[in-house]
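Start counting at 1 in the sequence shown, then tack on 21, and there's your number in this note's numbering. Notes follow the structure.
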Amino acid sequence: MIIKRVDDLHNTIPSTFDSTLQNLSTHRKKLEILPRLLWKSRCTMAMMLQQILKIYPHTSLYNILLLFKCITHYPETRNRFLKADMPTYFYPLMDINLTDKPLECLRLGALGVIAHMLKLPADTAVVRYLVNTSCLQHCTKAIEIGSTESKTIAVFIINKILSTGEGLQYCCVLPDRFFFIDGLLKKLLVYLTAMGTPCPSLFNLLVGCYTNLSYKPRTRRGLRRYLPAMLFNGTFACF
22 MIIKRVDDLH NTIPSTFDST LQNLSTHRKK LEILPRLLWK SRCTMAMMLQ QILKIYPHTS
82 LYNILLLFKC ITHYPETRNR FLKADMPTYF YPLMDINLTD KPLECLRLGA LGVIAHMLKL
142 PADTAVVRYL VNTSCLQHCT KAIEIGSTES KTIAVFIINK ILSTGEGLQY CCVLPDRFFF
202 IDGLLKKLLV YLTAMGTPCP SLFNLLVGCY TNLSYKPRTR RGLRRYLPAM LFNGTFACF
């Protein structure tokens with residue numbers, strides 16, 4: 022039945038394609054074999070990439086992104102996903118410079134694809150790939166103009182990268198990289214202070230980022246000089 026559904030993704034009848042896509046994306050977490058079938062079945066990955074490339078003029082393809090999340094969650098297909106250099110197809114969606122709800126859903130979906138690559142256990146190869154392809158810079162728009170959900174996933178990505186030795190080294194070896202990360206975190210702190218009801222998960226991830234940065238002696242000295250006062254003046258006492 023699962024094999025038939027994957028085959029139906031190639032059906033040229035729009036109603037069949039849409040219903041199959043909806044079915045697979047809804048039940049993706051229950052179908053452990055689905056990532057391997059998607060990856061290994063003939064032309065399916067090419068078809069899914071074609072759908073991604075069509076997203077810019079047509080913004081109703083969020084379910085395709087859910088299937089990509091499924092692929093990046095499992096080690097076997099995640100490694101092949103990396104080797105095929107496929108994460109770079111999702112960076113432009115993270116960089117969308119608009120906040121319309123359909124486009125924000127695409128940003129959220131693309132961030133989710135990257136975030137699923139960083140689920141436990143942390144994979145050094147994934148972190149190395151992401152930092153070398155400027156993934157951190159592609160989180161900028163989500164932090165600057167994205168929804169709270171997009172901001173939270175973007176900070177999750179940053180925190181996971183900082184939680185690894187290689188990711189922390191990359192972010193702290195040059196002053197410009199440290200100040201870039203520090204600037205993003207400060208923007209999020211300002212965003213939290215403006216919220217009527219601050220988001221606890223977003224705040225906790227921010228604290229995690231600062232904690233990880235403090236593990237490097239050189240960065241710790243920088244944090245002592247530039248750490249935002251709002252972390253200590255009672256602004257976030259509710260947490």
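Every residue, glycine too, gets a C-beta built ideally from N, C-alpha and C. Keep in mind the model is a prediction, meaning the values are calculated, not measured.
Between which two residues does the alpha helix (DSSP H) holding C156 run? C156 to H159
So P108 packs on I135, CB below 8 Å; how close in whole Å? 6 Å
Evaluate the contact criterion for the region 123 to 138 versus the region 182 to 190: three or more CB pairs, one atom per stretch, below 8 Å. no
Based on Cα-Cα distance, which residue from T218, N225 and E53 lies nearest to V176? N225
How about A131 and L103: do their beta carbons lie closer than 9 Å? no
Using the three-state DSSP reduction, which class does Y95 fall into: helix, strand or coil? coil
Is P142 helix, strand or coil when you go by DSSP? coil
Going by DSSP in three states, P219 sits in which element: helix, strand or coil? coil
Completely contained beta strand (DSSP E) runs for the region 155 to 201, where each covers 3 or more residues: none
With respect to the alpha helix (DSSP H) encompassing G255, which residues constitute its N-terminal and C-terminal limits? Neither: G255 is in no alpha helix (DSSP H) and is coded neither H nor E.
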